[in-house]
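**Q** These protein sequence lines are chains A and B, in that order.
Using our numbering, read the first sequence as starting at 20 and increasing by one per residue.
Using our numbering, read the second sequence as starting at 31 and increasing by one per residue.
Every residue, glycine too, gets a C-beta built ideally from N, C-alpha and C.
Let me begin by handing over the structure; questions about it come next.
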Amino acid sequence: MSGLGSAPLPPLGPDDHLLGAGDDPPLIVYADYECPHCGVLHARLVRDGARWAFRHFPVRSKHPRAWAAACAAEAAALQGAFAPMHMALYADQARLEDPHLWERARALGLDVERFDADRRSGAVLARVRRDFESGVRAGVVTTPTVFALGAKRPYAPDVT
Amino acid sequence: MSLVAAGSPAPDFKLRRGDGSKFTNADLAGQTTILVFYPFAFSPVCTDQLNLYEEVLEQFAAQGATLYGVSCDAVWSQTAFKEKLGVSIEQLSDFEPKGATCRAFGVYHEKGGMPQRALVMIGPDGIVEWSYMAPSPGDLPGANLIFDALAARDERAR
């Protein structure tokens, strides 16, 4: 039995992180915080007033800081601050080292000690990995990958 | 020459490992081998493909599967590529005589002078269990396809 064999894209669930506004059915975006193409996509989604669910797809060997950043976003989520942390991470993709993450947590008024413990916790790690694995099973191979109404859709940056 | 099919024995082949030693049919024993043929070291799509597989390498290992990257690049180029990517997936070179192993597996792109993007899974008995060629070299086969093939292998063994 293989845990990572093909499976349909999981539909939106209660613990998906919804971003943006409006009544359109949300896009589902698999991305990470270090990937420059994801940064471009993020800016476009914001510019276009899109509504989207963000799922983590960090690939360590490609973007060494992406896992830590994803865990930081999830740790912030535990204090009700996923969206502001998400925005803060994309606001400066060149600063994703530990002190930069603490600085963001502080600026957002989070309990920094708790944030730091949470971002290293097994539960947060598992939460990020769950997103990643759902993407692998749905055939995601690179970031960013966007699904609209269940179908892979090009909403990729022009730069490749 | 078409892609080697499931059920047929792996053709005789000889590749070079990073340390210059040979990797041949004899090295298939005792593991499920997955040969990841890719067009060129340092090309952008190949980079994403190996990075992605690296991220789920533990799950492959848990199923007794070992992945190898195969291209016609020289050993030194492959080593530099591997280091640049930061991946541990071993690279095997089909440099000289160029493409001989790729031809034997039916994955050589004659005009391009490169392997097509293809995956070949070989059992410990040297029999090809599964093979897949991407519709185009720019198409990246997801890791899920390999896990599907491993699941099918387990199903057959049951």
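#1: Comparing the C-beta of glycine 154(A) with each C-beta of chain B, is any distance below 7 Å?
#2: May I ask you to list the residues that DSSP assigns as paired with lysine 44(B)?
#3: What does aspartate 123(A) touch in chain B if you count any residue whose Cβ is under 9 Å from its own?
#4: For phenylalanine 166(A), count neighbouring Cβ atoms within 10 angstroms of its own Cβ and tell me buried if that reaches 16, exposed if not.
#5: Would a check of beta-carbon distances place valine 160(A) closer than 7 Å to chain B?
#6: Taking only the alpha-carbon atoms, compute the straight-line gap between arginine 186(B) and alanine 26(A) and give it to the nearest angstrom.
#7: Taking only runs of the beta strand (DSSP E) that begin and end inside the segment 61 to 114 of chain A, which ones reach a length of at least 3 residues, in chain order?
#8: Short of 9 Å Cβ to Cβ, which residues in the segment 79 to 103 of chain A face chain B?
#9: If you pair each beta-carbon of the segment 168 to 180 of chain B with each one of the segment 48 to 56 of chain B, do three or more pairs fall below 8 Å?
#10: Would you kindly work out how many angstroms separate the C-alpha atoms of glutamate 132(A) and leucine 97(A), rounded to a whole number?
#11: Classify glycine 68(A): buried if its beta carbon has 16 or more other beta carbons within 10 angstroms, exposed otherwise.
#12: Inspect the beta-carbon positions of valine 158(B) and alanine 36(B) and report whether they are closer than 7 Å.
#13: Quick check on this structure: which residue in Tyr52(A), Ala142(A) and Ala87(A) has the alpha carbon closest to the alpha carbon of proline 118(A)?
#14: Rounded to a whole number of angstroms, what is the C-alpha to C-alpha distance between phenylalanine 43(B) and proline 167(B)?
#15: Do you know offhand how far histidine 56(A)'s Cα is from valine 155(A)'s?
#16: What would DSSP say about phenylalanine 122(A), mapped onto helix, strand or coil?
#17: Alpha carbon to alpha carbon, how far is proline 30(A) from methionine 106(A)? Give it in angstroms, no decimals.
**A** On the basis of the coordinates in this document:
#1: no
#2: Thr54(B)
#3: Position check: residue 123(A) holds arginine in this sequence, whereas aspartate was assumed. Correct list: empty, because the minimum Cβ distance to chain B is about 25 Å.
#4: buried
#5: yes
#6: 20 Å
#7: 70 to 75
#8: Arg79, Ser80, Lys81, His82 and Pro83
#9: no
#10: 13 Å
#11: exposed
#12: yes
#13: Ala87(A)
#14: 23 Å
#15: 19 Å
#16: Per the sequence shown, the amino acid found at residue 122(A) is glutamate instead of phenylalanine. Glutamate 122(A): helix per DSSP, three-state reduction.
#17: 24 Å
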